[in-house]
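Presented below is the structure to which this report refers.
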Amino acid sequence: MFPKGTKRKFSDSGEEAGSNGDQGQAASTSVAAPRTLTSSYSLQRQSLLDMSLIKLQLCHMLVEPNLCRSVLIANTVRQIQEEMTQDGTWQIMTQALAAAQCPSDRLVATEVLCRQTDPATAAQAGQSPKPFSVVGLEEGYHSEEVVMEGEVETEVTMSTLSPVSQQMPSASYLAGPFGMGPCWEEEDEDGDGEDEDDDEEDSEECVSEGEEGDRDHLRADSRTGEQVFGTFEIKHPVPPADPALEELFSDVDPSYYDLDTVLTGMQSSPKMGPYDLLESLSSHGPTTLSSSSTCRSDLNELDHIMEIIVGS
Amino acid sequence: MEEESDSRKINNSFLRDHNYATEADIISTVEFNSSGELLATGDKGGRVVVFQREQESKSQPNRRGEYNVYSTFQSHEPEFDYLKSLEIEEKINKIKWLPQQNAAYFLLSTNDKTVKLWKISERDKRPEGYNLKDEDGRIRDPSTITSLRVPVLQPMDLMVEATARRVFSNAHTYHINSISVNSDLQTFISTDDLRVNLWNLEITDRSFNIVDIKPSNMEELTEVITSAEFHPRQCHTFAYSSSKGSIRLCDMRQAALCDRHCKYFEEPEDPSTRSFFSEIISSISDVKFSHNGRYLMTRDYLTVKVWDLQMENKPLETYQVHDYLRGKLCSLYENDCIFDKFECVWNGSDSVIMTGSYNNFFRMFDRNTKRDVTLEASRENSKPRAILKPRKVCVGGKRRKDEISVDSLDFSKKILHTTWHPHENIIAVAATNNLYIFQDKVN
Numbered sequence: 003m004f005p006k007g008t009k010r011k012f013s014d015s016g017e018e019a020g021s022n023g024d025q026g027q028a029a030s031t032s033v034a035a036p037r038t039l040t041s042s043y044s045l046q047r048q049s050l051l052d053m054s055l056i057k058l059q060l061c062h063m064l065v066e067p068n069l070c071r072s073v074l075i076a077n078t079v080r081q082i083q084e085e086m087t088q089d090g091t092w093q094i095m096t097q098a099l100a101a102a103q104c105p106s107d108r109l110v111a112t113e114v115l116c117r118q119t120d121p122a123t124a125a126q127a128g129q130s131p132k133p134f135s136v137v138g139l140e141e142g143y144h145s146e147e148v149v150m151e152g153e154v155e156t157e158v159t160m161s162t163l164s165p166v167s168q169q170m171p172s173a174s175y176l177a178g179p180f181g182m183g184p185c186w187e188e189e190d191e192d193g194d195g196e197d198e199d200d201d202e203e204d205s206e207e208c209v210s211e212g213e214e215g216d217r218d219h220l221r222a223d224s225r226t227g228e229q230v231f232g233t234f235e236i237k238h239p240v241p242p243a244d245p246a247l248e249e250l251f252s253d254v255d256p257s258y259y260d261l262d263t264v265l266t267g268m269q270s271s272p273k274m275g276p277y278d279l280l281e282s283l284s285s286h287g288p289t290t291l292s293s294s295s296t297c298r299s300d301l302n303e304l305d306h307i308m309e310i311i312v313g314s
Numbered sequence: 203m204e205e206e207s208d209s210r211k212i213n214n215s216f217l218r219d220h221n222y223a224t225e226a227d228i229i230s231t232v233e234f235n236s237s238g239e240l241l242a243t244g245d246k247g248g249r250v251v252v253f254q255r256e257q258e259s260k261s262q263p264n265r266r267g268e269y270n271v272y273s274t275f276q277s278h279e280p281e282f283d284y285l286k287s288l289e290i291e292e293k294i295n296k297i298k299w300l301p302q303q304n305a306a307y308f309l310l311s312t313n314d315k316t317v318k319l320w321k322i323s324e325r326d327k328r329p330e331g332y333n334l335k336d337e338d339g340r341i342r343d344p345s346t347i348t349s350l351r352v353p354v355l356q357p358m359d360l361m362v363e364a365t366a367r368r369v370f371s372n373a374h375t376y377h378i379n380s381i382s383v384n385s386d387l388q389t390f391i392s393t394d395d396l397r398v399n400l401w402n403l404e405i406t407d408r409s410f411n412i413v414d415i416k417p418s419n420m421e422e423l424t425e426v427i428t429s430a431e432f433h434p435r436q437c438h439t440f441a442y443s444s445s446k447g448s449i450r451l452c453d454m455r456q457a458a459l460c461d462r463h464c465k466y467f468e469e470p471e472d473p474s475t476r477s478f479f480s481e482i483i484s485s486i487s488d489v490k491f492s493h494n495g496r497y498l499m500t501r502d503y504l505t506v507k508v509w510d511l512q513m514e515n516k517p518l519e520t521y522q523v524h525d526y527l528r529g530k531l532c533s534l535y536e537n538d539c540i541f542d543k544f545e546c547v548w549n550g551s552d553s554v555i556m557t558g559s560y561n562n563f564f565r566m567f568d569r570n571t572k573r574d575v576t577l578e579a580s581r582e583n584s585k586p587r588a589i590l591k592p593r594k595v596c597v598g599g600k601r602r603k604d605e606i607s608v609d610s611l612d613f614s615k616k617i618l619h620t621t622w623h624p625h626e627n628i629i630a631v632a633a634t635n636n637l638y639i640f641q642d643k644v645n
């Protein structure tokens, strides 16, 4: 389940606020306080998040996707994201992305679905070296209530960027087009629901913000960065759609979303998302790309991926 | 319970001798009719095959009635939704029989969007001696007719014909997951992910929406309806299950729109087993009333639960179907198996419940003795008329000789659909494209 070679290190020591004694179950691989993230737990959680995002985006082109399945996966994503927000990992992740956007850093594919279990890392994580035979996340999980904050904006943006790995079916890898820019911080959101402005604002914010400790740590991360994670945002509430298009399709039930809507950034496709998960992203499309003038090489890769995906 | 295996492979594919599973042959539903005389199967290719139990013959008293093909027809065809540019699958999601009221048999079959009422009738006589037609059917020249005669009914080879009597369409935006015939025999409900619609069997151009959980903003959608069923005795009561593990019982007399349940069944989550997959595995894939109408059975990913209709806060009984999978949820999530929708069934006396699992295993639980058994539906491991051997999955450590380890389970061989004869101990189990019929051993 873990990418070859490197192991992401979260700054467990940096983040700890002291242990919350009531959750007694520490994962076997770490001595960190159970309340905050053990390395393997957070990695597992991250990979689960990636996996879920990819599942959401893999739509059958011909047949309508299963709504029940989509809802369950989306709920899982939401759950993970809420927990990550709780832990403060969310901020770190988004900041890491911002930091990692410096030209010197290369962002690499998240081979979520096709990760081969490297025997070394697998042994480290206490797993058997078989592909996909991840022992459940529950192992590292400590019984912690995920508190629902009423105000929490469940915003998740797609900010992974990568060349498509060989093993990935080309149509399935969605992260590419949207990788560049947005790194949302929940606390900074105005909640105005507008996407376009936010991209540019936040990308600057992300760079300028961040605690020193995290920054140092993140640099270390980026250096090792053979891997990157994807963050995916579900925007609540949905930004107001184009009124003209709304009219056109007012009698079309926006029950199902599909790849086209997301990839081409067009809302004019009659196929619409069940809860328009990616609708907000489609409007991100043009702006995100334009805001990242510094990452030329990545953009080229991006274009390449876009060609592949849209072309198919 | 010992079972005699009367397995037979019903292969609907064109080349009978070949043992490959064409996608269209995958059985997607099985259902006995209310007398047990007929067994219907629906498949992914939109076909319905009906088996009839042969009459028990006096010459072979030990050989009880076997099921033979009675009728085959194409119930649904693939369609294309031009507005959404999406295909509508012809796969038969559910079949429900109507109780027999005359010589013909009636069943409801549904795909994702359309419910159809089929009449299956026999014809064993045909009229001969028409005045205006030849025996071949050609019209006779009236000027050549010199005398009149009365057509006479002559016996012919038995022909079973299926005709679509009603088509109930255009009422569902989402995929229909279940249908249920009311005990009043006049109405039925069809259920999709977000709505339940009530139909009259005679009226196809109108249906009443009685449950609607669609949020005004689809972004807020977090729960869907997974199944619904009418109470077997009370024609005003039905239940529907959700993806969050709850069941709601509704009374149609209270209001036209049954958005407010009169009973709400949910077991509080056990915090010690909480994980990211908790919600997914709590999603109920099937809900069935007991025959006596006092209990409800629900199937979620790892368990079967029996609920007393009078007790809402927790189930009466919980049975572990394959708890050894609890540690594998991440892999099962990855390969999508965690979303498999298993069905569950009661036996005729509500004393035994049955449900399917992986590796072509299915499980039975005796509610009285609390004993359970795991059996396998496969040709390799059971000969016809042999007693089925109980199987066991070993969870770790030393594996005994006949046991199978969790890692060797074949997750592509899943038994999602099973049905139990209403009175006798005969079960039908669908294993991908094979149908197995097991009968209780006669001593």
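Protein chains in written order, with our numbering: chain B, 3 to 314; chain H, 203 to 645. All C-beta atoms, glycine included, are put in the ideal place defined by N, C-alpha and C. Computed from a prediction, not measured in an experiment: that's the story for all the values here.
Check, Outcome
"At what residues does the beta strand (DSSP E) containing Glu627/H begin and finish?", "Here residue 627/H is Asn; the residue named in the question, Glu, does not match the sequence. Here Asn627/H belongs to no beta strand (DSSP E), and DSSP marks it neither H nor E."
"Can you have a look at Cys546/H and say buried or exposed, based on whether 16 or more other CB atoms are within 10 angstroms of its CB?", "buried"
"Which of the three DSSP states, helix, strand or coil, is assigned to Asn302/B?", "helix"
"For His278/H, count neighbouring Cβ atoms within 10 angstroms of its own Cβ and tell me buried if that reaches 16, exposed if not.", "buried"
"Taking Thr312/H and Ser392/H to be in contact with their CB atoms under 8 Å, please state how far apart those CB atoms are, rounded to whole angstroms.", "7 Å"
"Would you mind listing the beta strand (DSSP E) stretches within the region 282-314 of chain H that are 3+ residues and don't spill past its ends, in chain order?", "288-290, 296-299, 307-312"
"Phe478/H touches chain B at which residues, Cβ-Cβ below 7 Å?", "Leu50, Thr78, Gln81, Ile82, Leu139"
"Of all the beta strand (DSSP E) runs that stay within the bounds of the region 417-461 of chain H, which reach a length of 3 or more residues?", "427-432, 439-444, 449-453"
"Tell me whether Tyr526/H sits in a helix, a strand or coil according to DSSP, three-state version.", "helix"
"Look at Arg351/H and Lys318/H and say whether their C-beta atoms are less than 8 Å apart.", "no"
"For Leu74/B and Tyr272/H, I'd like the C-alpha separation in whole angstroms.", "41 Å"
"Please name the residue, chosen from Trp622/H, Pro301/H, Ile322/H, Leu534/H, that lies closest to Leu611/H on a Cα-to-Cα basis.", "Leu534/H"
"Taking 8 Å as the threshold, find out whether the region 326-346 of chain H comes into contact with the region 416-428 of chain H through three or more Cβ pairs.", "no"
"For Arg317/B, does the three-state DSSP call read helix, strand or coil?", "Beyond the ends of chain B as shown, which are 3 and 314, falls residue 317/B; an answer cannot be given."
"State the Cα-Cα distance for the pair Lys616/H and Gly247/H, rounded to the nearest angstrom.", "19 Å"
"Output yes or no for whether 8 Å exceeds the beta carbon distance between Ala632/H and His623/H.", "no"
"Hey, is the region 548-557 of chain H in contact with the region 486-500 of chain H, meaning 3+ C-beta pairs nearer than 8 Å?", "yes"
"On the DSSP bridge assignment, give the partners of Cys596/H in chain order.", "Ser607/H"
"Using only the heavy atoms of the ligand GTP, determine whether one of them is closer than 7 Å to the beta carbon of Val489/H.", "Judged by which ligands are present, the structure shown has none, so any question about the ligand GTP falls away."
"Could you please give me the residues that DSSP links to Trp320/H through a beta bridge?", "Leu309/H, Ala366/H"
"Opposite Tyr638/H in the DSSP bridges: which residues?", "Val631/H"
"Can you tell me whether Gln388/H is buried or exposed? The criterion is at least 16 other CB atoms within 10 Å of its CB, across all chains shown.", "exposed"
"So which residues on chain H does Met53/B lean against when the C-beta distance must stay under 8 Å?", "Tyr535, Glu536"
"Using a Cβ cut-off of 8 Å (strictly closer), state whether Asp395/H contacts chain B.", "yes"
"Just to confirm, are Ile229/H and Leu511/H a CB contact at a threshold of 8 Å?", "no"
"If you measure beta-carbon to beta-carbon, which residues of the region 439-454 of chain H are closer than 9 Å to chain B?", "Ser445, Lys446"
"Using the Cα positions of Leu459/H and Leu300/H, report the straight-line distance between them to the nearest angstrom.", "26 Å"
"To the nearest angstrom, how far is the alpha carbon of Asp642/H from that of His625/H?", "12 Å"
"Name, going along the chain, the residues of the region 420-441 of chain H whose beta-carbon falls closer than 9 Å to a beta-carbon of chain B.", "Met420, Glu421, Glu422, Leu423, Thr424, Glu425, Val426, Ile427, Thr428"
"Which residues of the region 475-507 of chain H have a Cβ closer than 8 Å to any Cβ of chain B? Give them in chain order.", "Thr475, Arg476, Ser477, Phe478, Phe479, Glu481, Ile482, Ser485"
"What whole-angstrom Cβ distance do Leu451/H and Cys437/H have, given they're in contact under 8 Å?", "With 8 Å as the limit, Leu451/H and Cys437/H do not qualify as a contact, their Cβ atoms being about 14 Å apart."
"Taking Leu74/B as the query, report the chain H residues whose CB atoms sit under 9 Å from its CB, ordered along the chain.", "Val426, Ser445, Glu481, Ile482, Ser485, Ile540, Phe541"
"One question on the structure: do Phe440/H and Ser409/H come within less than 8 Å of each other, judged by their Cβ atoms?", "no"
"So the beta strand (DSSP E) Glu258/H belongs to, where does it begin and stop?", "Here Glu258/H belongs to no beta strand (DSSP E), and DSSP marks it neither H nor E."
"Measure from the alpha carbon of Glu514/H to the alpha carbon of each residue in Leu498/H, Asp461/H, Thr505/H, then state which is nearest.", "Leu498/H"
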